[in-house]
Amino acid sequence: MNTQLSLFEQNQQPSQTETIMSNSSKKTLLQTLLLRTLADNEDPDSILRHYIKTIVPAMEKEFSSTYAMGGNEEDHYRRLVPKHGVEKAREIAMQRANKADQSLFVHVLNALFIGWRLSKYLPPKIQLTDVEKKLFCLGITLHDYGKQHYEKEQESPRAYQVREIIQACENLGEQLNFNEFWPEWKDYLTEIAFLAQNTQFKVGANSVPSNWEINGCRFLIDENRLDNLCHLLAFGDVSVHLSDPSDIIKLKAGNKKRSSGDALQDHIELLGISKKLVYHRLRDCRGILTNGIHNIMLDYAKTLDWIPLIFFAQGAVYLAPLDSQVPDLENLQKFIWKRIKIFLIDRMKSGEIGFKRDGKGLKISPQTLELFSASDLILTLPSVIKATVRNEKAATPKRLEKLDLDESEKDLFNYADLRSDRLAEFIILAQRELFSTIEDYPDFILQALDLEAKIPVEKTQIQSGGVNYGWYYVAAHYIANNGTWDEEQTQQAITELAEKLAEWAETNNLLPENNNPTREIFFDYLNQYLDVSDCQIKVPDFTQELSNYTLSKAKNKAICSLSGGEFIAEDQMDSVVIWKPQQYSNKNPLGGSRTKRGISKIWSLEMLLRQAQWTGRNNQVNKLEDQKPIFLYIFPAYVYSPETIRAVGRLIQGELIDINLWNVKKCWLDGNMKNEALQNLTWLEDDEENQESKLAKYSSIDLPFMATNYTKTRGKTDTDAWVKPAFLALALPQLLGVKVVATSSPDPLYASDQEFVETVKFDGVAGFWNLLGLSSNLRLQEIQPALTKLLIVYSLHLDNRSNPPDERWQALNSTVREVMTDVLNIFAIANEGLRNKKRDPYSEEVERYWQFAQIFSHGDSKMTEKLKKTKDLVNYSRTFYQVKLSDSSHSILLPISKALEIILSTPENIDNEDLIFQGAGQLHDALDRQEVYKRPLLQNKSIPYETRKNQELEAIYQFMRFCVEEVFCQMYKGDKALLQENRNRIKSGAEFAYRWLTLEEQKQEQVTSESIDS
């Protein structure tokens, strides 16, 4: 897999100087995000900023595809066999492949930021100087130089080979642009190599300074100061190996094994830092709900003086005071619930969530009734009514038509407008939800509206089909009495009515008590799933879950379609879920009882939070399913540092613009089809005028412990839905160093990144992915080749099968199928597009499509052989026949077209040798009718004419022999029907091969000419 990418890089590999210049002048996406994140800090360190500006781009280029952990088993096996033999190599390869992926770039970057953060808490006497800060940065950058050697299949020096270690560090430092970061870095090369070699304090270390001085090296930094730096580096390195917040738990005294927690705490103590490590974690991953809990925990941690240091998908590790007390779980639960409740109530008051309006009026979700007290709900309804009742055509006229109005009341139709609708819906909703059993409610409303003398109570309760027409009649009368009011005055009257209603209900004790089962279930959820250092958690009760599930099945009660019977479920309501009601559920067995589908309180909370964060009134959330959303669940590769989680958050949850695949194609092609060219794509909003508002917007966004995002499409097919998320799922790990799960499921498939070892996982991906022959589970080094293939078919399709601005993605499956069936179809599809554009291919297009074919054929013997024979076929024809590239396709393909025509038109029983001679003769006759300048062998007048003629005859014969024996008999099995079927493909491939070979020849002639002139 890895060689596929190098195939097209080897012809355009920049020099080391060009690479450094490029890295210095252009910012990568992650580099830009990190710099913006540091700019938000009150006191950003200039050394750290300079490191990000100078070294991060070079490190990203060198280390992004290098494994720090994990990796493809076969790739490891291939590298290990020469040194360890078959059996041992397989054993080691399996061990390494069973670990989750983490690139060396992410490994180093997070280790650096975590160690840097810890250094701020060093005692005053050993605070780092500027030189030591630079040494720390460069030492951590090189601390895994052996893995880079492993990637390049080079032997790493042994711990005692000091000079070789220093040389290795110097070589890698030059590649990583150390000189621009710190011009004097080579003066401290011994210190840098010493730190790099001794980061891990175990096998491979050489931590005795005298061992280095024996080899003629000298240290400019005090030995004790170097030791402190080693402990800082070691802390960062151990941190990025953690897979779960609870890994910091120290093993009990007497245990011979040492945990990561033991090692980390030892480093903290040896550095003299008066802190200890604590953590919080959730053993569950719902999406926005769990991410919200994590972020609320960060705020709660501030009250305890806990400082977040290491972030995971499932929690965080903090630096805490040594005397930090165990949090009170009850207070913590109340704190979390209060924050979630305030957030939801705020959105509910604006009508964004918790309410659903249909033809019969407004409905309220169960959670809304639970979160609000009855009195508060009454006072909130006017603003909700204003936000949600916005129909262009008023409903009141239709309601009045159903009533027997006398002539004196016909004038009501003049006032049956939106004002009447809002007043009527307020009165109806309040009665249905809160006062359905209160007989005095109609009397009170009539009195409050001063209509008790004009309208009898009986007339207010006229109903039909579940709709109360009577209250529309009352509302029309009220608006008629106040006909000069505008919408704002009417809204004020509804608000005053709500205040009177709430006061009346409270005075007469008519309101139901607030019952909040969601709160109790949420507290139980936290009891089972939230784990905080030193706190006892409740072990999940599987028997209770099984009992709930069995009881629901037996009594035909609702069962949560997403989480089974773990928590009590209720009927799905379309004001809660973000898809069509009853869409995701269990299928009913034939002859069995009907399964009643539902949704648990926990998942209802998740869905309400998704509505609140993803949609507003102008973006109806219940239509999300019709837009075929594909969810992207974005995990850290083991851990985030405080800087990287904020940087990733800026993009994923803040400044990411809607990616246009036309722009992706252009950016990639302009960058010579190198995937790193995607760094130049416009990923971020860069409107400087609105910078302040953007910073304010970002500051309110939660950190993405596990980010949840989604794409949607206007298309109607699965292919339309998957083209963009397929690209993003491959691009984001390359650009940000994250892990991505792409799925159509609203339920995250995994609770953390440690539940899957791959970098990218696709679940239920559209058919074009499988047609491309790509795996749904991709390890780190498999992403680049997969992304290259994907961008090739996208480019091929958009250039030749689209109808701008319509991408016609529904035809992508056909494009992919054709390319994977026959590599020559790349040229056939290109010709199809060129015919539509009524032009010949440009030079860069010829090179591009030939490169496409080379990449696709690499690793496939049949495709490689077919492309080679197509090239050989053209080389044979160019020996005796050449035309200008500006000539027509017919002229370019004359020998090949004629040869194929001869083969297809001859009788079946003719001998191959006779067919060759017959074809050569006919082809020679056809050439005699062509201009002499098209026949290169005849133009060399230094040779006698007869000799030239014989050379041309021999060349024609060899060409015809190749056509018959290699093309017809071998490639197409001597089957004329098969040859006829592939005739146009052969001609398309031959035309592009002719153009490509001619261009290569012209380039070579130009190089030769320039060398002669020089």
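Numbering (full-length UniProt numbering), first residue to last: 1 to 1014. By construction, the Cβ of each residue, glycine as well, lies at the ideal position given by its N, Cα and C atoms.
Proximity test, Cβ basis, 8 Å: residue i and chain C
{"i": "Ser775", "result": "Given the protein chain composition of this structure (a single chain), no chain C is represented."}
Per DSSP, the bridge partner or partners of residue i
{"i": "Met69", "result": "Gln102"}
{"i": "Ala707", "result": "Ile634"}
{"i": "Pro321", "result": "Lys275"}
{"i": "Gly361", "result": "Asp358"}
{"i": "Thr743", "result": "Phe631, Asp763"}
{"i": "Gln679", "result": "Note: Gln679 sits in no beta bridge, so no partner."}
{"i": "Val532", "result": "His280"}
{"i": "Gly315", "result": "Arg281, Phe312"}
{"i": "Asn482", "result": "Answer is none; Asn482 lacks a bridge partner."}
{"i": "Tyr640", "result": "Phe311"}
{"i": "residue 1062", "result": "Residue 1062 lies beyond the residue range present for the chain, which begins at 1 and ends at 1014; the question has no answer from this structure."}
{"i": "Gln463", "result": "Asn468"}
Rounded Cβ spacing between residue i and residue j (contact assumed at less than 8 Å)
{"i": "Thr66", "j": "Leu104", "result": "4 Å"}
{"i": "Met673", "j": "Gln851", "result": "7 Å"}
{"i": "Glu991", "j": "Ile892", "result": "6 Å"}
{"i": "Val664", "j": "Leu651", "result": "With a Cβ gap of about 16 Å, Val664 and Leu651 do not count as contacting."}
{"i": "Leu736", "j": "Asn295", "result": "Contact doesn't hold; Cβ gap of about 19 Å is too wide."}
{"i": "Ile55", "j": "Phe178", "result": "7 Å"}
{"i": "Pro748", "j": "Tyr633", "result": "5 Å"}
{"i": "Gln958", "j": "Tyr876", "result": "6 Å"}
{"i": "Leu403", "j": "Ile445", "result": "With 8 Å as the limit, Leu403 and Ile445 do not qualify as a contact, their Cβ atoms being about 18 Å apart."}
{"i": "Glu965", "j": "Asn912", "result": "7 Å"}
{"i": "Ile310", "j": "Tyr121", "result": "The pair is not a contact, with the Cβ atoms about 14 Å apart (cut-off 8 Å)."}
{"i": "Ile783", "j": "Leu730", "result": "6 Å"}
{"i": "Thr518", "j": "Gln367", "result": "6 Å"}
{"i": "Leu220", "j": "Asp187", "result": "7 Å"}
{"i": "Ala920", "j": "Ile943", "result": "Incorrect: roughly 21 Å between the Cβ atoms, too far for contact."}
Boundaries (first-last residue) of the beta strand (DSSP E) holding residue i
{"i": "Ile634", "result": "630-636"}
{"i": "Arg357", "result": "355-358"}
{"i": "residue 1039", "result": "This structure does not reach residue 1039, given that the chain is present from 1 up to 1014, and the question cannot be answered."}
{"i": "Asp702", "result": "Where Asp702 is concerned, there is no enclosing beta strand (DSSP E), given that its DSSP letter is neither H nor E."}
Beta carbon of residue i nearer than 8 Å to that of residue j
{"i": "Asp763", "j": "Thr788", "result": "no"}
{"i": "Arg419", "j": "Ile479", "result": "yes"}
{"i": "Leu135", "j": "Leu195", "result": "yes"}
{"i": "Arg283", "j": "Ala751", "result": "yes"}
{"i": "Gln175", "j": "Ala58", "result": "yes"}
{"i": "Pro661", "j": "Phe727", "result": "Before going on, a small fix: residue 661 reads as Leu here, not Pro. Yes, they are a contact pair."}
{"i": "Glu276", "j": "Leu322", "result": "In the sequence as displayed, the identity of residue 276 is Lys instead of Glu. Yes, the Cβ-Cβ distance between Lys276 and Leu322 is below 8 Å."}
{"i": "Arg801", "j": "Arg808", "result": "yes"}
{"i": "Ser533", "j": "Val278", "result": "yes"}
{"i": "Val932", "j": "Leu938", "result": "yes"}
{"i": "Phe235", "j": "Gly115", "result": "yes"}
{"i": "Thr32", "j": "Leu684", "result": "yes"}
{"i": "Ile494", "j": "Arg422", "result": "yes"}
{"i": "Pro746", "j": "Val740", "result": "no"}
{"i": "Val317", "j": "Ile248", "result": "yes"}
The alpha helix (DSSP H) enclosing residue i, as first and last residue numbers
{"i": "Phe762", "result": "No alpha helix (DSSP H) contains Phe762, which is instead part of the beta strand (DSSP E) from 760-763."}
{"i": "Phe992", "result": "983-1013"}
{"i": "Pro382", "result": "374-388"}
{"i": "Ile221", "result": "No alpha helix (DSSP H) contains Ile221, which DSSP labels as neither H nor E."}
{"i": "Ala731", "result": "718-736"}
{"i": "Ser857", "result": "843-857"}
{"i": "Arg90", "result": "86-97"}
{"i": "Met971", "result": "No alpha helix (DSSP H) contains Met971, which DSSP labels as neither H nor E."}
{"i": "Ala424", "result": "418-434"}
| said: Just to confirm the assignment: which complete alpha helix (DSSP H) runs, minimum length 4, are found wholly within the stretch 767-819? | reply: Complete alpha helix (DSSP H) runs here, min 4: 767-771, 783-800.
| field | Those runs of the beta strand (DSSP E) which lie wholly inside the stretch 887-912 and span at least 3 residues | value | For the stretch 887-912, not a single whole beta strand (DSSP E) run of length 3 or above is found.
| message | As an exercise, report each continuous alpha helix (DSSP H) stretch of at least 4 residues that is fully enclosed by the stretch 928-963, in chain order. | response | The DSSP assignment places complete alpha helix (DSSP H) segments of no fewer than 4 residues inside the stretch 928-963 at 945-961, in order along the chain.
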